[in-house]
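Some notes on the structure that comes next.
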Amino acid sequence: DGGITQSPKYLFRKEGQNVTLSCEQNLNHDAMYWYRQDPGQGLRLIYYSQIVNDFQKGDIAEGYSVSREKKESFPLTVTSAQKNPTAFYLCASSRGLTGELFFGEGSRLTVL
Amino acid sequence: GESVGLHLPTLSVQEGDNSIINCAYSNSASDYFIWYKQESGKGPQFIIDIRSNMDKRQGQRVTVLLNKTVKHLSLQIAATQPGDSAVYFCAERDTGTASKLTFGTGTRLQVTL
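If you want it as structure tokens, here you go:
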């Protein structure tokens, strides 16, 4: 079945460590996105990519980095510079920037 | 900046009743709107969308109404079922500028038996 796969589903990290969240899609979508979700808040855009080898900062990019070496993959690294990294992270993809977003099941990161 | 306005209220509805979830948006240039459903611990799922050249669109048990005059969007769920319990988000976009989707904070729907 076509879809978006995020891993790991749960991740614990010590302060000062970088962690990388995986996102893979087999929908042949050009655009991919990373959102952060905190309790009681809407989804906030971290980074997005329209095509391979290109990506743009979203609204809250500080402390995060991404790469887009392959069309189907858009990993997110949460660096030690992110001051409040504990959150639910959602990856999404769409056919183009104006298309419907399809979401993965999310990755919950907890910093100990 | 422009924003889609939704606090996170909770709507409690009895099974079998109709539900109405509301959303106010502030970007008058927005011309595409989506409703998403998010169950606990999962990613959002697309429910229904509507473009600004329409004021109503129906799906299976769901209807979205758009009032551009007052910048208001609503999601109606007919014969609400326990499986409808979730957080519902509206999102808006100005497709003319290929802008990104802006999400509201969501409304929690609780279906009581």
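Protein sequences, first through last, are from chains B and P.
Residues 4 to 115 (my numbering) make up the first sequence, in order.
Residues 225 to 337 (my numbering) make up the second sequence, in order.
Don't be surprised by glycine CBs; every beta carbon is placed ideally from N, CA and C.
Unbroken beta strand (DSSP E) run spanning residue i, endpoints
i, result
"residue 316 (chain P)", "310-317"
"residue 27 (chain B)", "22-28"
"residue 97 (chain B)", "90-97"
"residue 296 (chain P)", "296-301"
"residue 64 (chain B)", "Taken as a continuous stretch (DSSP letters only), residue 64 (chain B) belongs to no beta strand (DSSP E), as it is neither H nor E."
"residue 47 (chain B)", "46-52"
"residue 331 (chain P)", "331-336"
"residue 257 (chain P)", "256-262"
Contacting residues, own chain, Cβ-Cβ under 8 Å from residue i (five flanking each side not counted)
i, result
"residue 52 (chain B)", "34, 35, 36, 58, 59, 69, 71, 77"
"residue 325 (chain P)", "258, 315, 316, 317"
"residue 21 (chain B)", "80, 81, 82, 83"
"residue 40 (chain B)", "46, 47, 90, 91, 92, 93, 109"
"residue 67 (chain B)", "37, 49, 50, 79, 80, 81, 82, 85"
Same chain, Cβ closer than 7 Å to residue i, five either side skipped, listed in chain order
i, result
"residue 234 (chain P)", "332, 334"
"residue 18 (chain B)", "114"
"residue 100 (chain B)", "34, 53"
Residue i vs residue j beta-carbon contact at 9 Å
i, j, result
"residue 248 (chain P)", "residue 299 (chain P)", "no"
"residue 307 (chain P)", "residue 111 (chain B)", "no"
"residue 253 (chain P)", "residue 330 (chain P)", "no"
"residue 256 (chain P)", "residue 279 (chain P)", "no"
"residue 287 (chain P)", "residue 310 (chain P)", "no"
"residue 6 (chain B)", "residue 29 (chain B)", "yes"
Under 7 Å from the C-beta of residue i: neighbouring residues of chain P
i, result
"residue 44 (chain B)", "329"
"residue 48 (chain B)", "324"
Closer than 9 Å at the beta carbon, the chain B residues around residue i
i, result
"residue 273 (chain P)", "103"
"residue 245 (chain P)", "Near residue 245 (chain P) there are no residues of chain B at all, since even the closest Cβ is about 14 Å away, more than 9 Å."
"residue 313 (chain P)", "45, 46"
Partner residues on chain B for residue i, Cβ-Cβ distance less than 7 Å
i, result
"residue 170 (chain P)", "Since the first and last residues shown for chain P are 225 and 337, residue 170 (chain P) lies out of range."
Contacting residues, own chain, Cβ-Cβ under 6 Å from residue i (five flanking each side not counted)
i, result
"residue 238 (chain P)", "336"
Cross-chain neighbours of residue i in chain P, by beta carbon under 8 Å
i, result
"residue 109 (chain B)", "265, 266, 267"
"residue 93 (chain B)", "267, 268"
Proximal chain B residues relative to residue i, where beta-carbon distance stays under 8 Å
i, result
"residue 317 (chain P)", "101"
Is the segment 267-276 of chain P touching the segment 105-112 of chain B, taking contact as three or more C-beta pairs under 8 Å?
-> yes
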